[in-house]
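Protein chains in written order, with the working numbering: chain A, 587 to 699; chain B, 154 to 263.
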């Protein structure tokens, strides 16, 4: 069974731009969660989608948004990029919502210049 | 407010010895705890978990201990191997949302 895939793997943007990241979960998994990893902060939860509905949301500004499609693939969008948005963005999938054990993708490394 | 804390950013251990990674939490509502391992350029991989109704869970060389009164959990790796060198994250769950610590980088020297 293929694992969680994320595209692109690396991205360089400038301040003020917007970016869209994509995540394809493991086949059969309907829950997709997004995390931001920065040095010293660990992984911070952004949001979780299940069956195209946002189930949980972390403490991030409204510039961070996401959506999930009927095939469970998910996208995350960040608008008006700031330097502090430079991070590794990870998505994780699980079979059902609120399931503890999640399977992570390799992440998208976003650099904002 | 960091609800899950890993106060040691790094740990160095000799091959064959025990590695002990620590994690503290503040929210008594957490009902499930997990450890993930992360290699560079890869996503975290689930390692071991423990429910709040237990105080110990063992899986091969890995054992997780939970002390609810102290709001502390630890991961023991015995014996440590060079391939265990990675960043280890503890995570706590309440209502399906995982809260991660900052991670501890473990280095196992041959």
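A virtual CB, placed ideally from N, CA and C, is assigned to each residue, including glycine.
Problem set entry | Endpoints, beta strand (DSSP E) assigned at residue 640 (chain A) | 639-643 is the span of the beta strand (DSSP E), which, as asked, contains residue 640 (chain A).
Problem set entry | Residue interval of the beta strand (DSSP E) (run including residue 662 (chain A)) | That run of the beta strand (DSSP E) goes 660-664.
For this session: Figure out for me which residue from B:237, B:255 and B:247 has the closest Cα to the Cα of residue 192 (chain B).
Result: Ranking B:237, B:255 and B:247 by Cα distance to residue 192 (chain B) puts B:237 first.
Exercise. Which bits of chain A does residue 255 (chain B) rub up against, with CB to CB less than 8 Å?
Worked result: Going along chain A in sequence order, the residues near residue 255 (chain B) (Cβ under 8 Å) are 626, 627 and 628.
Exercise. DSSP state of residue 208 (chain B), grouped into three classes?
Worked result: Per DSSP, reduced to three states, the secondary structure at residue 208 (chain B) is coil, with no helix or strand assignment.
Exercise. With residue 676 (chain A) and residue 652 (chain A) assumed to form a contact (beta carbons below 8 Å), what rounded beta-carbon distance in angstroms separates them?
Worked result: Between residue 652 (chain A) and residue 676 (chain A) the Cβ distance is about 13 Å, and since that is not below 8 Å, they are no contact.
Exercise. Exposed or buried, residue 655 (chain A), counting other C-beta atoms within 10 Å across all chains shown (16 or more means buried)?
Worked result: With fewer than 16 other Cβ atoms within 10 Å, it is exposed.
Exercise. Taking Cβ positions only, does residue 692 (chain A) come closer than 8 Å to chain B?
Worked result: At a cut-off of 8 Å between beta-carbon atoms, residue 692 (chain A) makes contact with chain B.
Problem set entry | 7 Å CB neighbourhood of residue 231 (chain B) in its chain, flanking five on each side removed | Close CB contacts of residue 231 (chain B) within its chain, under the 7 Å cut and outside five residues either way in sequence, are with 171 and 214 (chain order).
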